[in-house]
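Reviewing the structure listed below.
Numbering (our numbering), first residue to last: 328 to 843.
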């Protein structure tokens with residue numbers, strides 16, 4: 328079934344029963360987003376809203392920092408008018424979603440009803456209101472008004488995102504407090520991961536805005552960035568409005584937006600609305616609308632089993648999005664909580680052998696005309712391509728605990744190649760152990776003699792460099808030995824290396840690894 332281009336479908340019996348049991352509401356799928364089934368009655372109204380150039384839309388997944396963002400955006404757009412900001416936030420913003428979240432009889436009594444109806448039918452309601460309208464919604468981008476999406480207006484959109492684990496926990500506590508959820512945290516997490524919550528699935532919602540982040544009238548911000556560097560985020564939003572504030576003004580804004588001030592500010596903390604909703608739902612759960620506002624709260628509230636389920640879900644979801652949106656998604660794009668990167672495998676080698684191998688390679692390529700001793704001196708000073716050695720290698724060493732980086736040692740490959748192969752396979756998600764026969768074949772293929780004789784490995788393209796440099800009769804793969812420095816270095820050169828290593832490596836546990 329389709330309405331105004333929106334595909335509507337019913338949930339399967341099992342999911343529908345689960346939602347009905349814990350949420351006491353019926354959901355349907357609208358373009359793949361789960362919403363109260365009453366949304367079907369509002370599709371045409373919402374999609375056909377006459378968007379104004381002056382409109383300001385604050386959009387988010389529920390409990391992603393919406394209220395915080397609303398207050399920041401309103402103050403920036405209104406030139407930091409703190410006096411007018413004493414007016415309740417609910418009076419300064421239209422919460423569009425109440426038109427389908429609230430039951431019909433209750434909706435008609437809400438203050439927003441008249442404003443929303445005027446947006447839907449401006450002629451019928453004799454709407455004469457001028458100036459910017461500030462609108463809040465949790466709808467995904469594809470369900471926003473058509474004129475907001477087609478670029479025909481100058482209306483501004485600010486989307487705030489949040490770590491899904493913290494958003495999940497915050498949603499759980501909010502719903503328990505409001506009396507709109509009757510299960511436990513673990514059940515809620517499972518439903519969140521399945522996407523069976525209002526405005527879910529989470530990733531679909533998030534990415535609907537993220538892929539529009541380069542639109543000139545949309546800014547995509549992150550709750551975690553606001554916690555870490557609120558002035559920077561405030562300045563970013565100010566640019567969207569063509570405004571610039573001095574340091575004192577930004578400091579005043581950030582002080583106003585501090586968590587304690589927001590929690591105690593009756594104009595924004597929605598305490599009166601919370602009490603009314605708890606009364607309507609006959610709920611006695613304690614709590615407040617603005618609860619903690621922490622980052623990484625999931626670390627203290629989620630069990631390891633639930634964390635594992637989140638990790639698997641995030642990994643699969645992000646991988647699928649990388650495939651679907653690979654032309655848009657940078658491998659270092661950050662959603663404020665997870666970095667989407669391709670897997671990195673770094674191999675390190677004892678600096679002395681690295682130096683010797685580099686010397687012969689540069690001589691082979693005709694790029695260095697000095698002696699080995701000369702090369703060692705400039706190697707230790709860091710004056711070689713990609714140097715200094717320590718700085719280069721430590722950038723990877725310090726990230727060796729990252730999920731997407733594997734740090735290997737050349738020496739380990741020489742002493743126990745099968746173990747390194749197994750470690751690499753596990754890192755790449757290949758959990759099934761190869762048979763002994765396959766392992767032997769791979770190790771034989773990777774043996775130095777086989778690699779040296781392999782036409783496709785020993786870089787035949789370097790033959791041209793060899794012809795240019797007539798003095799060199801070497802090959803790309805030379806010896807591949809460990810501790811070759813013991814044969815090639817003089818006692819004086821070894822002493823200089825020892826001094827250099829002591830001065831540079833002794834302060835880091837890296838030295839205990841790279842020289843073992």
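All residues carry an ideal CB built from backbone N, CA and C; glycine is no exception.
If you drop the 5 nearest sequence neighbours on each side, which residues of the same chain put their C-beta closer than 6 Å to that of residue i?
{"i": "residue 827", "result": "707"}
{"i": "residue 447", "result": "372"}
{"i": "residue 351", "result": "none"}
{"i": "residue 815", "result": "683"}
{"i": "residue 519", "result": "495"}
{"i": "residue 709", "result": "715"}
{"i": "residue 540", "result": "547"}
{"i": "residue 457", "result": "none"}
{"i": "residue 509", "result": "349"}
{"i": "residue 719", "result": "713"}
What three-state label does DSSP hand residue i in the structure shown?
{"i": "residue 376", "result": "coil"}
{"i": "residue 610", "result": "Only weak support exists for where residue 610 lies, its pLDDT of 44 falling under 50; the value from the coordinates is given anyway. In the structure shown, residue 610 sits in coil (DSSP, three-state: anything other than H, G, I, E or B)."}
{"i": "residue 420", "result": "strand"}
{"i": "residue 448", "result": "coil"}
{"i": "residue 689", "result": "helix"}
{"i": "residue 343", "result": "helix"}
{"i": "residue 723", "result": "helix"}
{"i": "residue 330", "result": "strand"}
{"i": "residue 560", "result": "helix"}
{"i": "residue 529", "result": "helix"}
{"i": "residue 741", "result": "helix"}
{"i": "residue 428", "result": "helix"}
{"i": "residue 751", "result": "helix"}
{"i": "residue 362", "result": "strand"}
{"i": "residue 509", "result": "coil"}
{"i": "residue 488", "result": "strand"}
{"i": "residue 757", "result": "coil"}
{"i": "residue 684", "result": "helix"}
{"i": "residue 821", "result": "helix"}
{"i": "residue 498", "result": "helix"}
{"i": "residue 850", "result": "This structure cannot speak to residue 850, because the chain is shown only from 328 to 843."}
{"i": "residue 442", "result": "helix"}
{"i": "residue 590", "result": "helix"}
{"i": "residue 811", "result": "coil"}
Quick check on this structure: which residue in the options has the alpha carbon closest to the alpha carbon of residue i?
{"i": "residue 567", "options": "354, 482, 534", "result": "482"}
{"i": "residue 851", "options": "770, 738, 730", "result": "For residue 851 there is no data in the structure shown, the boundaries of the chain being 328 and 843."}
{"i": "residue 645", "options": "534, 701, 692", "result": "534"}
{"i": "residue 531", "options": "509, 551, 817, 469", "result": "469"}
{"i": "residue 377", "options": "352, 700, 459, 715", "result": "459"}
{"i": "residue 813", "options": "518, 682, 762, 765", "result": "682"}
{"i": "residue 724", "options": "714, 715, 735", "result": "735"}
{"i": "residue 524", "options": "746, 774, 359, 634", "result": "359"}
{"i": "residue 623", "options": "493, 356, 701", "result": "493"}
{"i": "residue 832", "options": "752, 728, 717", "result": "717"}
{"i": "residue 381", "options": "428, 559, 480, 335", "result": "480"}
{"i": "residue 728", "options": "672, 414, 778", "result": "672"}
{"i": "residue 421", "options": "733, 696, 439, 477", "result": "439"}
{"i": "residue 473", "options": "544, 375, 830, 408", "result": "375"}
Leaving out five residues on either side along the sequence, give the residues of the same chain with a beta carbon under 7 Å from the beta carbon of residue i.
{"i": "residue 419", "result": "401, 461"}
{"i": "residue 711", "result": "685, 705"}
{"i": "residue 389", "result": "465, 498, 525, 526"}
My assumption, with CB atoms under 8 Å, is that residue i sits in contact with residue j. Please give the rounded CB distance.
{"i": "residue 424", "j": "residue 464", "result": "6 Å"}
{"i": "residue 403", "j": "residue 570", "result": "6 Å"}
{"i": "residue 595", "j": "residue 364", "result": "Going by Cβ atoms, the distance from residue 595 to residue 364 rounds to 31 Å, so no, they are not a contact pair."}
{"i": "residue 392", "j": "residue 487", "result": "5 Å"}
{"i": "residue 396", "j": "residue 383", "result": "Actually they do not touch by this definition, with Cβ atoms about 11 Å apart."}
{"i": "residue 703", "j": "residue 557", "result": "Actually they are not in contact, since the Cβ atoms of residue 703 and residue 557 sit about 50 Å apart, beyond 8 Å."}
{"i": "residue 357", "j": "residue 338", "result": "About 12 Å; that fails the 8 Å criterion."}
I'd like the span of the beta strand (DSSP E) that includes residue i, first residue to last.
{"i": "residue 357", "result": "354-357"}
{"i": "residue 545", "result": "545-549"}
{"i": "residue 461", "result": "461-464"}
{"i": "residue 410", "result": "Here residue 410 belongs to no beta strand (DSSP E), and DSSP marks it neither H nor E."}
{"i": "residue 675", "result": "671-675"}
{"i": "residue 736", "result": "732-736"}
{"i": "residue 387", "result": "383-387"}
CB-CB under 8 Å to residue i, same chain, minus the five flanking residues each way: which ones, in chain order?
{"i": "residue 737", "result": "674, 675, 676, 677, 680, 809"}
{"i": "residue 746", "result": "739"}
{"i": "residue 794", "result": "Note that residue 794 scores a pLDDT of 49, beneath 50, so its modelled location is shaky; the value from the coordinates is reported in the next line. Cβ neighbours of residue 794 beyond the five flanking positions: none."}
{"i": "residue 542", "result": "478, 484"}
{"i": "residue 475", "result": "376, 378, 382, 384, 482, 484"}
{"i": "residue 408", "result": "402"}
{"i": "residue 559", "result": "552"}
Which first and last residues belong to the alpha helix (DSSP H) in which residue i is found?
{"i": "residue 394", "result": "393-404"}
{"i": "residue 576", "result": "574-583"}
{"i": "residue 476", "result": "473-476"}
{"i": "residue 768", "result": "763-772"}
{"i": "residue 704", "result": "699-707"}
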